[in-house]
Ligand code: NAD
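Written out as structure tokens, the structure reads:
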């Protein structure tokens, strides 16, 4: 028996990763050499078990509600499920929340990652030579650890010095350093990915794209921080998931891989693009919530900028392309259209999220 443990699998990217492995009767899971996927998630406000309802009865899937900070729980899960691969998504992930209250970010992102590493080390050390060699710990991190770029600076790459500017990115940077230390100190087989902004299905409406989409449909203001000219690189979430798999199976141990979509865009451009697609697919004239507006972009409202807001992120993903043979399948144009269509087609999911009162009052791009 061979199992993979995914942490934070009920969140946005984690649930897309679990779906990628389990869809089509678990074709990719078994192709990758695993019998079972264990999803450990604490179900914070950002975790939604219903994202994966369709797999609940599958023999290849087990959901466990629990905290990565609970080292005894993680150790017993690793043991009883014969886990030899861990893909670590669980985190507090929203920059605005980290500004309002940094402590949970240190607790989950730093302490939680440390406890998970300790449990993983115990499991790894207990294995026979063959399974020890095959063991992997894949840490999912962000490009925000590199800080901010001036307009003409070259894109971030694996050699860019860390310069985190928000409590969120500082906590992720700390977790990256702990993962690195477990490789250099104990020889643990770890790989880290640092990815740019993701978008796609199942993203909570506190982040820019789903927030704008759902507010627009409800005829609510579309809040834009500052001048809206902050630049991010955007990657469709399924492409991030295939990048993680590529780094997991082909990445060099102890190394980091930058993952991005080669799609640098200003926030305001993103918002206008979403409005244009909505104008086409769900014209304002047919939406009773938009009385008096000709177009969704009439709803755009500029608000006070976020403190310490990084101006530009860009990613050079040449290394993962060259070493792991990975390329994004979607351009921004194809990915954003799929995303808008998904939100339009999945009204029940959006309704459930709204009813659970996920924080939607603030705009986030982190
Ligand atoms: P998310 O906030 O949507 O999901 C996080 C998940 O982790 C939730 O299901 C939550 O319940 C779970 N969780 C939180 N604390 C936990 C704990 N202590 N124990 C167990 N589970 C816990 O986040 P996301 O956007 O899916 O991001 C996933 C990972 O990818 C994070 O590590 C994030 O830093 C990284 N990342 C995100 C982006 C992005 O654009 N969203 C980009 C690059 C990297």
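Numbering (the numbering used here), first residue to last: 6 to 371. A virtual CB, placed ideally from N, CA and C, is assigned to each residue, including glycine.
Short of 7 Å in beta carbon distance, which residues of its chain neighbour residue i, apart from the five on each side in sequence? Order them along the chain.
i, result
"residue 363", "Because residue 363 sits at a pLDDT of 47, beneath the cut-off of 50, its placement in the model cannot be relied upon, and the following sentence gives the value as read from the coordinates. Here the set comprises 50, 209, 210, 211."
"residue 299", "289"
"residue 227", "217, 220, 221, 276, 304, 305, 306"
"residue 167", "150, 151, 178"
"residue 156", "317"
Spatial neighbours of residue i within its chain, please: CB distance less than 8 Å, with the 5 preceding and 5 following residues excluded, ordered by chain position.
i, result
"residue 94", "11, 12, 13, 14, 16, 18, 19, 22, 145"
"residue 25", "33, 243, 246, 247, 250"
"residue 189", "259"
"residue 328", "255, 256, 257, 262"
"residue 355", "210, 219, 348"
Among residues of its own chain, excluding the 5 on either side of residue i, which ones have a beta-carbon nearer than 6 Å to its beta-carbon?
i, result
"residue 360", "none"
"residue 107", "172"
"residue 169", "150, 175, 178"
Is there at least one non-hydrogen atom of the ligand NAD closer than 7 Å to the beta-carbon of residue i?
i, result
"residue 377", "Residue 377 lies beyond the residue range present for the chain, which begins at 6 and ends at 371; the question has no answer from this structure."
"residue 122", "no"
"residue 13", "yes"
"residue 100", "no"
"residue 81", "no"
"residue 177", "yes"
"residue 46", "yes"
"residue 146", "yes"
"residue 138", "no"
"residue 94", "yes"
"residue 157", "no"
How would you call residue i, buried or exposed, if buried means at least 16 neighbouring beta carbons within 10 angstroms?
i, result
"residue 1", "Here the chain comprises residues numbered 6 to 371, so residue 1 is not present and cannot be evaluated."
"residue 177", "buried"
"residue 39", "buried"
"residue 28", "exposed"
"residue 102", "buried"
"residue 79", "buried"
Please identify the residue among the options whose C-alpha is closest to the C-alpha of residue i.
i, options, result
"residue 246", "155, 325, 215, 276", "325"
"residue 6", "46, 80, 68, 88", "88"
"residue 86", "77, 139, 98, 67", "67"
"residue 223", "287, 343, 101", "287"
"residue 72", "52, 61, 62", "52"
"residue 76", "356, 284, 125, 41", "125"
"residue 90", "285, 272, 8, 338", "8"
"residue 181", "199, 164, 191", "199"
"residue 154", "138, 136, 314, 63", "314"
"residue 127", "99, 84, 134", "84"
"residue 330", "117, 278, 253, 232", "253"
Shorter than 8 Å from the beta carbon of residue i to some beta carbon of chain D?
i, result
"residue 289", "The structure shown contains no chain D, having only a single protein chain."
Legend entry - Validate contact between the stretch 250 to 261 and the stretch 194 to 203 using beta carbons, cut 8 Å, 3 pairs: Contact between the stretch 250 to 261 and the stretch 194 to 203 is established, with three or more Cβ pairs separated by less than 8 Å.
Inset, instruction - Answer yes if the stretch 55 to 62 comes into contact with the stretch 144 to 164, meaning at least three C-beta pairs across the two stretches below 8 Å, and no otherwise. - result: Output reads no: the stretch 55 to 62 does not touch the stretch 144 to 164.
Inset, instruction - Say whether the stretch 266 to 283 touches the stretch 314 to 334, bearing in mind that this needs 3 or more beta-carbon pairs closer than 8 Å, one atom from each stretch. - result: Touching, yes, given that three or more Cβ pairs across the two stretches are closer than 8 Å.
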